[in-house]
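Report on the following structure.
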Amino acid sequence: MVGPLRPQFVLFGSSIVQLSFSNGGWGAILADVYARKADIILRGYYGWNSRRAVEVLDQVFPKDSATQPSLVIVYFGGNDSMGPHSSGLGPHVPFSEYVENMKKIASHLKSLPGTPRIIFLSCPPVDEDRVHQGTSGFFSELVRTNELCKNYSEACIKMCHELDVKVVDLFTAIQQKENWMADCFIDGVHLSEEGSKIVVAEILKVLKEAEWKPSLHWKSMPTEFAEDSAYDLVAADGKTTLNPSEWTFHREIQWD
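When you number the sequence shown by the working numbering, it's gap-free, plus one each residue, and the end is 246.
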C-alpha cells in the first residue's frame, strides 16, 4: 500500500469488469475521473458467474482486512443468463439461484466493517447476430439471447430494490443509444468505449443522486495535495502560479 490512503472503489465481476481498463473502458474512465480522489481497484474475472463469485467472497473481501472499500460496484449476470449446456458444464446458473447468489454478495458486502456503499450493474443486452457469428467455431451450444439477458437484468433490479441497494439498469440504458448494437460492443457482448461511456454516466448519476454521507461523487470529494504551490506553472502575469489540481481539460467528456 502506498500513501496517503485514499478511498477505495472496488469493481467486482466477470469479464465486463476485467476488461473495464481495456478499449477505453469504464474502469479506466472512472480512474481518470477519480484521479487524486479515490483508487479504482479491479477484481474482474473472465468467464465467471455468480456461483463462483459467492465461493470467493471471503477471499476478495475479507472481513478482517485493515482497509475496507468505500464503494463496491458489482456485475454478474451475463454468463449466468446463458442457456444451459446439455453436458451440465458451463456458466449457466438457474434463475432462482442467480438471485440468491446476488443476495449473498450484497449481504456479505453490507456486513463488512465500515459498511461500504454498493452499486449493482444489471445484465446488459447483447448483439445476438454478432455473438453467434463470432463464436460458432469456438464454443459448443452457446446460447445468448436478449430475452434471457432481460429476465436476469429485471431480477437483479427487483432484488436491489427489495434490499435497498443502488442499481444501474444497463439493459435499458445501453438501448437508449441509437445504433447501440453496432456502437456499444467490441464483439456483441463486451463493451466498446462508447458502451463504457454509458456505464460511467449511469454510475456517476447514481453517485450524484445518492444521499450518502460522505458523498462519493467525484465533485464532492477532496482532491489530494490540492494546495497552491510556488512550484506550479507560472501564470501569464509572471507573478502568480496556476494550481492544476482540478484541471479536466484533457477529458473528451466533461463528466457531471
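Ideal Cβ positions, reconstructed from N, Cα and C, are used throughout, including at glycine.
Discussion item. Run through the DSSP bridge pairs and tell me what residue 193 is partnered with.
Written reply: Beta-bridge pairing links residue 193 to no other residue.
Practice prompt. Kindly identify the DSSP beta-bridge partner or partners of residue 111.
Written response: 65, 158
Item to complete: Answer yes or no: do residue 64 and residue 31 have a C-beta to C-beta separation smaller than 9 Å?
Response: no
Discussion item. Give me the residue from 35, 246, 43 with the minimum Cα distance to residue 99.
Written reply: 43
Item to complete: Given a cut-off of 9 Å, decide if residue 27 and residue 214 are closer than it, judged by their beta-carbon atoms.
Response: yes
Worksheet item: What do you reckon, are the CB atoms on residue 11 and residue 17 nearer than 9 Å?
Response: yes
Discussion item. Comparing C-alpha positions only, which one of 173, 168, 139 sits nearest to residue 159?
Written reply: 139
Worksheet item: Can you name the start and end residues of the beta strand (DSSP E) that residue 0 belongs to?
Response: -2 to 3
Fill in: Those runs of the alpha helix (DSSP H) which lie wholly inside the region 64 to 104 and span at least 4 residues
85 to 100
Item to complete: Sort 123, 121, 40 by Cα distance to residue 83 and report the nearest one.
Response: 40
Worksheet item: Applying the criterion that 16 or more other CB atoms from any shown protein chain within 10 Å of the CB defines a buried residue, is residue 117 buried or exposed?
Response: buried
Discussion item. One question on the structure: do residue 206 and residue 61 come within less than 9 Å of each other, judged by their Cβ atoms?
Written reply: yes
Worksheet item: Which of helix, strand or coil does DSSP assign to residue 278?
Response: As displayed, the chain neither begins before -9 nor continues past 246, which places residue 278 out of reach and without an answer.
Worksheet entry | Residues near residue 94 in its chain [Cβ-Cβ closer than 8 Å; skip 5 each side] | 44, 47
Worksheet item: Where do the ends of the beta strand (DSSP E) carrying residue 176 lie?
Response: It is not in any beta strand (DSSP E) - residue 176 carries neither H nor E in the DSSP assignment.
Discussion item. Please state whether the Cβ-Cβ distance between residue 235 and residue 216 is less than 9 Å.
Written reply: yes
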